[in-house]
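Have a look at the structure below, then the notes.
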Amino acid sequence: MAVVIRNSIQEITLQLLQYIHVATAKSASCGVILAPCAHMNPKTLEQAKGLMSKNDTSLSVQLVYDDAIQVLCAVLEGGTLGGTHYASLVLKDFLQTQHLLQGQLRVSSFPESGKPTESAIAAFLQQAIQSKGNDADIHFFMTANAETSVLIADPDDLVREFIKIRLELKGYRVYEAKDGQEAYDVFVRLLPDLVITELNLPILDGYQLIRSIQRHDSNEGKVIVLTDNQLAGNRSRAYESGAADYVTKPLSISELEWKIKRLTGNH
Amino acid sequence: MYINIEVAIRFLYVLIVLNVAFAVVVYAMKIKNLKRTRTERRFEVKIKDYLTYILIHIEGKEPLNLPPFPLNKAEQKAMQERLNDIIESFTGTAREKCMELCRRLGLVQDHLDRLKKGSYSVKIDAAYHLGCMRVQEAVPALLKLLQTHKRNSSLFVIARSIAKCARDEQDVQEMVQIVLRHNKGFYDLLVDMIKEADIDHGALFAEFIQRESHEFIQIGLCGLKDYTEPTVASTVYRLIESPDRTIQYKAMEIYLKSVHFIPRNVVQKLLRHPMDEVRVLTVQAIADLKLARYIDVMRSALLDESKRVSDASAKGLLLLGEGGIAQLCEVAAEARGSERGEYLHMLIEEQIKSLSLQPHDLDQLTRYNSLVYHYEKTLGKNKRIYRVV
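Respectively, the protein sequence lines represent chains F and A. Just remember that the numbering used here sits 470 ahead of the position in the first sequence, which is counted from 1. Just remember that the numbering used here sits 3 ahead of the position in the second sequence, which is counted from 1.
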């Protein structure tokens, strides 16, 4: 007598992989959204599909729901990361109003987010399952492991959040600090490859932070100053303290990204 | 007596009623405020993901989509605040895409209408938001509002908004002209506002200093003080002879900071200037630019009537190489016995002491050796001072 054990995760992984391969063969990209949900029925599935298709008519949407693992998978043929992200906002709003969402939504777009291998999709699925019970935020899934780490020290929440999101999407591991002392503590504990700091920081200012970092680890090219202070004197003082580069606010993210790439050798 | 008590009781009743009425009003306001804060907080949770969406795709090729949920008035206000922050924090495509999103959200039209039809406070609020969103078509209405506005802090809110929205230099010039009518020296504040405009600031400041009006010249000079291009030096040179002392000094400061070479006739003219601040600046500029050909001028400045000039000149000569150091020691030896001579002597000895502590720096080491050599040679002290090799 043969005993067959049904492995839902493996089955859904293979099914997703097949969808992604078919979709990427037809068009340039394929977006995938995973959402941990309970009690999805064919009617709600149809409603969600209709809503997502209505919001972006260029996308061909397929929804798969697995009762065993309770994860809703949305495959968006032709979905870029931007399009898929927006579709996840629509899906989240729908699932929340129906009280079906049970955790974080995971968003990815292939090949933008990496190569869709079996292990990558399995990890993607695992993340969605493990997010059950957490706040219903939207998170991105990237197949590459972050090798370069960056610490951002800035009291401005918006700037910190923005740089963090952008760098995480580019495959960096990002740490945050709101003041100079916190930044120095994080630096000593985690030794990031690069520090991006504002000059006007509470407790320890930017110059003191740079000097402390240089004293702790004298490898050059560790710190980029990102500040709204545009005076030539401050610029020279920052370089004298040991800064490797100086970027002024208002911020141009492309300029900052290039400077980070140059200093970390992460091309 | 009886009548008085009755009146008093009635009066008390009136007071009680008024008290209750005011308490109700205060509580109603408080509840309204709390409700609004709660709505805003709830909305912040709701829009967190949408704002993340904006931040991620703010520089991409695709346009930003509108929120996938409807917004009521309070939510629209909270959204406006977030978008203002984003516009102020970024430049280039990011800023433009966000401004375009504001337009599609209907925020631009809404504030344009408020600017036209609202009450005074509504107009000021609309002016502020239109400035944040850089709405160029709002400039004529904003200029009109600025024209009739009295001098208070709101005047600057409108003026800054005009600078942010400015279509060209003309708009900024008009704004400056109106603000200057209030006849107060807001020069630095105006420069700060002008720098918010999307125009060639340097060219505008240069144009301002060509004018006859002292106020425009002052703004131009305040604006140019951080520029170090040689073209700026030639622009401000004319003002070095201005009859206004403040303008003259500011022009001199900019000239000496941006120039790469100072002709001899200019050096001589500046060192004859009655203000010792100007002479100090000149001597410092010669030293900073390492103009060794003016060692003779620096030597004469050592004996300037102002101690500040003499001190700056001595320190400057130390930076002009072997020749400068030799001249410094020579003058100190010649003036020995006089107050100035003793002062220079003391300054040289202090420098020797300070330089001897920096043997790791090649420049300082060379300076130290040279100073010690000339010190021994000219001032002929007996105690032996060793050279560091």
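Don't be surprised by glycine CBs; every beta carbon is placed ideally from N, CA and C.
| Asked | Found |
| --- | --- |
| When you compare only the Cα positions, how much space is there between M82 (chain A) and I212 (chain A)? | 42 Å |
| Given this structure, state the Cα-to-Cα distance separating A144 (chain A) from P73 (chain A), to the nearest angstrom. | 30 Å |
| With a CB to CB cut of under 7 Å and the five nearest residues on each side skipped, what residues in its chain are close to S261 (chain A)? | Y230, T231, E232, P233, V235 and A236 |
| Contact check, L721 (chain F) vs P662 (chain F) under 8 Å by CB: the rounded distance? | With 8 Å as the limit, L721 (chain F) and P662 (chain F) do not qualify as a contact, their Cβ atoms being about 20 Å apart. |
| Let's see if you can read the secondary structure: which residues bound the alpha helix (DSSP H) around T234 (chain A)? | P233 to Y240 |
| For A472 (chain F), collect the residues of the same chain with a Cβ closer than 7 Å to its Cβ; drop the 5 residues on either side in sequence, then sort them by chain order. | Residue placement at A472 (chain F) cannot be trusted, given a pLDDT of 44 that sits under 50; the coordinates are not used to answer. |
| Measuring from the CB of G520 (chain F), is there a heavy atom of the ligand SAH at a distance below 6 Å? | The ligand SAH is absent from the structure shown, which contains no ligands of any kind. |
| Since L664 (chain F) is in the beta strand (DSSP E), which residue starts that stretch and which ends it? | L664 to T667 |
| Can you tell me the Cα-Cα spacing of P581 (chain F) and G501 (chain F), whole angstroms? | 9 Å |
| I'd like the span of the alpha helix (DSSP H) that includes G548 (chain F), first residue to last. | Note, G548 (chain F): premise wrong, no alpha helix (DSSP H); not H, not E. |
| Would you mind giving the Cβ-Cβ distance between A598 (chain F) and V541 (chain F), rounded to the nearest angstrom? I have them listed as a contact below 8 Å. | 5 Å |
| Can L559 (chain F) and L533 (chain F) be called in contact, C-beta distance under 7 Å? | no |
| Taking L207 (chain A) and S164 (chain A) to be in contact with their CB atoms under 8 Å, please state how far apart those CB atoms are, rounded to whole angstroms. | That pair is no contact at about 18 Å. |
| For a contact defined as C-beta to C-beta under 9 Å, what are the partners of H60 (chain A) on chain F? | L551, G552, H555 and Y556 |
| Taking 7 Å as the CB-CB cut-off, is I622 (chain F) touching chain A? | no |
| Need the endpoints of the alpha helix (DSSP H) that R685 (chain F) sits in, please. | G676 to H686 |
| Locate the alpha helix (DSSP H) running through D113 (chain A), then write down its first and last residues. | L110 to K120 |
| Alpha carbon to alpha carbon, what distance is there between M196 (chain A) and L306 (chain A)? | 45 Å |
| The stretch 193–206 of chain A: which residues have C-beta closer than 8 Å to a C-beta of chain F, in chain order? | none |
| Since K731 (chain F) meets chain A, which of its residues come closer than 9 Å, beta carbon to beta carbon? | The contacting residues do not exist; K731 (chain F) stays about 15 Å from chain A at best. |
| Round the Cβ separation of G69 (chain A) and L108 (chain A) to the nearest angstrom and send it over; I've been treating them as touching at under 8 Å. | Checking the sequence shown, residue 69 (chain A) turns out to be Leu, not Gly. So it is a contact: roughly 6 Å between Cβ atoms. |
| So is Q572 (chain F) buried or exposed if we call it buried at 16+ other beta carbons inside 10 Å? | buried |
| So, does the CB of F93 (chain A) fall closer than 7 Å to a CB anywhere in chain F? | yes |
| For Q596 (chain F) and A557 (chain F), what's the separation of their Cα atoms in angstroms? | 21 Å |
| Check the Cβ of N68 (chain A) against every Cβ in chain F and list those closer than 7 Å, keeping chain order. | Y556 |
| Kindly list the residues whose CB is nearer than 7 Å to the CB of Y311 (chain A), restricted to its own chain and excluding five residues on each side of it in sequence; keep chain order. | With the sequence shown as reference, residue 311 (chain A) is identified as Arg, and Tyr is not the correct amino acid for it. The residues are D279 and V283. |
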